[in-house]
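So for the sequence shown, the UniProt record's numbering puts the first residue at 1; every next one is plus one. Ideal Cβ placement from N, Cα and C applies to all residues, glycine included. One structure is given below, encoded as structure tokens.
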Amino acid sequence: MTTTSAGPRPSAGNHSATWASPREPQAVAQLLGRLNWPLSVTALEPESAPHDYCIEPWHGSAKGHLLGIIPALHPHQLGSAAFRQYHGVKYAYMSGAMAAGIGSESIVEEMAQSGMLGIFGAAGLSPERVEQALTRLEQNCAGKPWGANLIHSPSEPRLEAAVTDLYLRRNVRLVEASAFLDLTPNIIRYRLSGVHQRGHEIVVPNRVVAKVSRVEVATKFMSPAPPKLVAHMVSTGVLTEEQGRLAAYIPVAQDVTAEADSGGHTDNRPLVSLLPSLIALRDRLQDEFKFAEPVRVGAAGGIATPQSTAAAYLMGAAYVMVGSVHQACVESGTSDVVRKLLAEAQQADCIMAPAADMFEMGVKLQVLRRGTMFAMRAAKLHELYRTYASVDDIPVAERQQIEKTMFQTTLDHVWQQTVEFFTKRDPRQLERAEKEPKHKMALIFRWYLGQSSRWANQGLPERRLDYQIWCGPSMGAFNEWTKGTFLAEPAARKVSTVALNLLYGAAYVQRANALQWTGFPVHPDWQRVVPQERQTLLDLIN
Numbered sequence: 001m002t003t004t005s006a007g008p009r010p011s012a013g014n015h016s017a018t019w020a021s022p023r024e025p026q027a028v029a030q031l032l033g034r035l036n037w038p039l040s041v042t043a044l045e046p047e048s049a050p051h052d053y054c055i056e057p058w059h060g061s062a063k064g065h066l067l068g069i070i071p072a073l074h075p076h077q078l079g080s081a082a083f084r085q086y087h088g089v090k091y092a093y094m095s096g097a098m099a100a101g102i103g104s105e106s107i108v109e110e111m112a113q114s115g116m117l118g119i120f121g122a123a124g125l126s127p128e129r130v131e132q133a134l135t136r137l138e139q140n141c142a143g144k145p146w147g148a149n150l151i152h153s154p155s156e157p158r159l160e161a162a163v164t165d166l167y168l169r170r171n172v173r174l175v176e177a178s179a180f181l182d183l184t185p186n187i188i189r190y191r192l193s194g195v196h197q198r199g200h201e202i203v204v205p206n207r208v209v210a211k212v213s214r215v216e217v218a219t220k221f222m223s224p225a226p227p228k229l230v231a232h233m234v235s236t237g238v239l240t241e242e243q244g245r246l247a248a249y250i251p252v253a254q255d256v257t258a259e260a261d262s263g264g265h266t267d268n269r270p271l272v273s274l275l276p277s278l279i280a281l282r283d284r285l286q287d288e289f290k291f292a293e294p295v296r297v298g299a300a301g302g303i304a305t306p307q308s309t310a311a312a313y314l315m316g317a318a319y320v321m322v323g324s325v326h327q328a329c330v331e332s333g334t335s336d337v338v339r340k341l342l343a344e345a346q347q348a349d350c351i352m353a354p355a356a357d358m359f360e361m362g363v364k365l366q367v368l369r370r371g372t373m374f375a376m377r378a379a380k381l382h383e384l385y386r387t388y389a390s391v392d393d394i395p396v397a398e399r400q401q402i403e404k405t406m407f408q409t410t411l412d413h414v415w416q417q418t419v420e421f422f423t424k425r426d427p428r429q430l431e432r433a434e435k436e437p438k439h440k441m442a443l444i445f446r447w448y449l450g451q452s453s454r455w456a457n458q459g460l461p462e463r464r465l466d467y468q469i470w471c472g473p474s475m476g477a478f479n480e481w482t483k484g485t486f487l488a489e490p491a492a493r494k495v496s497t498v499a500l501n502l503l504y505g506a507a508y509v510q511r512a513n514a515l516q517w518t519g520f521p522v523h524p525d526w527q528r529v530v531p532q533e534r535q536t537l538l539d540l541i542n
């Protein structure tokens with residue numbers, strides 16, 4: 001440590017947060033909050049008591065014994081510079097693809113305008129509705145980064161293929177691949193389409209951000225596309241010979257998100273174990289394949305406070321992805337009544353329930369329990385599905401009960417609506433239902449699961465008990481952090497304001513931790529991060 005001669009200290013009344021002692025926690029907080037200011041921590045003498053410590057802007061010399069330097073830390077320095085350059089963003093921050101358009105065009109547009117990356121939530125929407133969104137985003141986000149979701153649809157492979165076709169036709173250059181249990185020809189076709197060699201460089205026009213929660217799935221996305229699948233796609237003319245040859249030199253996804261305990265599809269993995277595991281996996285696969293650009297690993301699930309955001313970056317996350325908290329923002333594609341329910345949620349108010357898109361497989365997703373009976377009712381339907389071979393086998397009393405409480409109409413009428421829907425969307429589902437009564441039952445039950453999220457997004461009052469609201473414990477953590485502040489009000493939760501607060505707060509937390517490491521006495525007043533208005537944050541940052 002550098003030691004310089006101890007100079008006189010200004011009196012406490014002659015400064016305005018230009019230096020501070022441990023006795024002035026508010027002044028300490030002001031200095032830490034000026035993120036662009038490097039700070040020095042000094043003591044009058046090497047053996048000074050902690051109450052004689054001083055923190056002040058660092059100008060290259062210290063008035064006393066130098067205990068440490070706290071570097072300036074702008075929010076745009078958090079995460080991976082390679083991620084920011086690759087996607088053309090200012091901040092290593094993503095808004096995840098919340099299905100059914102909850103990850104709305106408005107969220108994507110606001111993210112793009114704020115130097116962040118937003119993904120449109122295309123899952124569960126028709127190709128026609130997705131194309132409407134693409135048209136709007138192409139106009140409103142011209143020259144700015146954005147992407148759309150490609151969700152694995154094992155029960156509707158034609159839909160997955162149709163959305164892939166749409167993205168390729170409309171030159172959508174970024175997709176978030178989610179809920180994949182295995183690689184499909186669609187994600188490989190998207191990734192490798194347009195790949196070519198220019199000199200010694202492999203040009204890959206289409207970018208993939210994969211969201212995973214299991215090592216075995218992450219391995220597939222962090223590796224080159226399966227050679228047998230690529231060879232088949234070349235032989236059938238789906239890929240060119242050049243694309244097939246170059247496939248061995250690029251990973252399926254350049255960015256892989258460690259999806260921890262999130263809302264919606266999740267394996268409830270803790271981020272503190274999942275993220276390091278995927279980073280270690282990335283390192284092993286990089287040693288094996290020696291990609292020109294190593295795969296980056298980001299963090300999602302539980303990102304809701306400055307502390308959790310800072311922790312993700314400190315653990316090595318190249319970027320953070322936020323979902324549940326953004327659903328509660330005014331730009332999301334849900335209803336005001338849902339936003340109010342989310343603003344009241346606590347961490348224990350989440351529960352797992354059967355997923356509509358993978359109902360037959362028993363896959364579950366995380367939803368809000370408080371204020372809705374969806375989880376219990378969906379579990380009842382899955383119990384009936386497991387117990388009986390067809391709708392006709394369900395006891396009359398049981399059938400009448402679910403018709404009255406859940407469907408609010410007869411199952412025969414629901415089947416008529418289901419036939420109308422799949423006649424346009426995927427007639428093969430109806431052909432299978434004619435041969436397999438259990439599949440017919442699954443389609444009927446999936447009607448309820450599919451409609452329940454739409455009822456929530458539309459805010460239908462008569463269907464409030466049936467709302468399916470995707471939500472993770474992070475929502476409760478966010479509410480606890482914002483309690484008593486302007487962000488406690490749903491109407492104040494604008495997505496860019498929330499995002500900037502998380503980023504600014506994460507940088508502040510890292511600086512506060514660095515101060516603590518010097519031995520400077522800890523005080524709650526300078527450890528606490530209070531949400532700020534957007535313009536206030538911009539003034540502090542800039």
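Using the three-state DSSP reduction, which class does residue i fall into: helix, strand or coil?
i           : result
Pro270      : coil
residue 561 : No answer is possible for residue 561: it lies beyond the span of the chain, which begins at 1 and ends at 542.
Tyr93       : strand
Lys144      : coil
Gln254      : coil
Gln429      : helix
Gln366      : strand
residue 543 : A question about residue 543 goes unanswered here, because the residues of the chain that appear run from 1 up to 542.
Leu500      : helix
Gly505      : helix
Phe289      : helix
Ile303      : coil
Ile279      : helix
Met116      : coil
Ser40       : strand
His150      : Residue identity check: residue 150 is Leu in the sequence provided, not His. Leu150: strand per DSSP, three-state reduction.
Met406      : helix
Met98       : coil
Pro10       : Here the model assigns Pro10 a pLDDT of 33, short of 50, so the residue's position is not dependable and the matter cannot be decided.
Met352      : strand
Could you pull the start and end residues of the beta strand (DSSP E) that residue i belongs to?
i      : result
Lys211 : 207–212
Gln532 : Unbroken run through Gln532: none, as it is neither H nor E.
Met321 : 320–322
Looking at the unbroken alpha helix (DSSP H) that takes in residue i, where does it start and where does it end?
i           : result
His87       : 81–87
Thr135      : 127–140
residue 608 : The structure shown does not extend to residue 608, since the chain is modelled only from 1 through 542, so no value can be given for it.
Tyr53       : Careful: Tyr53 lies outside any alpha helix (DSSP H), inside the beta strand (DSSP E) at 53–57.
Ser452      : 437–458
Arg377      : 374–387
Glu398      : 396–402
Met475      : 474–482
Met233      : 227–235
Quick one: what's got a C-beta closer than 8 Å to residue i's C-beta in the same chain, skipping five residues either side?
i      : result
Asn457 : Ala100, Gly101, Ile102, Gly333, Thr334, Ser335, Val338
Could you check if residue i belongs to the surroundings of the ligand GTP, using beta carbon to heavy atom distance under 6 Å?
i      : result
Val295 : Annotation note on the ligand GTP: not contained in the displayed structure, which lists no ligands.
CB-CB under 7 Å to residue i, same chain, minus the five flanking residues each way: which ones, in chain order?
i           : result
Pro226      : Leu183
Phe478      : Ala304, Thr305, Val325
Lys438      : Ala389, Ser390
Val419      : Leu430
residue 551 : Outside the shown range of the chain, which is 1 to 542, sits residue 551, and nothing can be said about it.
Gly519      : Pro50, Leu67
Gly115      : Val89, Lys90, Tyr91
Check this for me: beta carbons of residue i and residue j, under 7 Å apart or not?
i      : j      : result
Glu176 : Asn206 : no
Leu117 : Ile70  : no
Ala507 : Pro75  : yes
Val230 : Ala218 : no
Gly351 : Ala375 : Contrary to the premise, residue 351 reads as Ile rather than Gly in this sequence. Result yes, Cβ atoms of Ile351 and Ala375 sit closer than 7 Å.
Gly298 : Asp261 : no
Pro22  : Trp37  : no
With a CB to CB cut of under 6 Å and the five nearest residues on each side skipped, what residues in its chain are close to residue i?
i           : result
Phe221      : Ala210, Val252, Ala253, Val256
Arg377      : Met406
Ala133      : Glu105, Phe120
residue 551 : Here the chain covers residues 1 to 542 and nothing more, so residue 551 does not appear.
Arg136      : Glu105
Phe180      : His152
Using 8 Å as the threshold, is the region 180–197 in touch with the region 220–238, meaning 3 or more CB pairs across them? The way I'd put it, the region 180–197 does touch the region 220–238; three or more beta-carbon pairs between them come closer than 8 Å.
Contact the region 251–268 vs the region 363–373: 3+ CB pairs below 8 Å: yes
The region 479–499 / the region 290–303 touching (three or more Cβ pairs under 8 Å): no
Does the region 390–402 come within contact of the region 367–374, defined as at least 3 CB pairs closer than 8 Å? Too few Cβ pairs lie closer than 8 Å, so no.
I want to know whether the region 49–59 touches the region 85–95 - three or more CB-CB distances under 8 Å. no
Touching by the beta-carbon criterion (3+ pairs, under 8 Å), the region 313–324 and the region 439–446: Not touching, per the Cβ criterion.
For the structure I just gave you, are there three or more beta carbon pairs, one from the region 159–175 and one from the region 135–148, closer than 8 Å? yes
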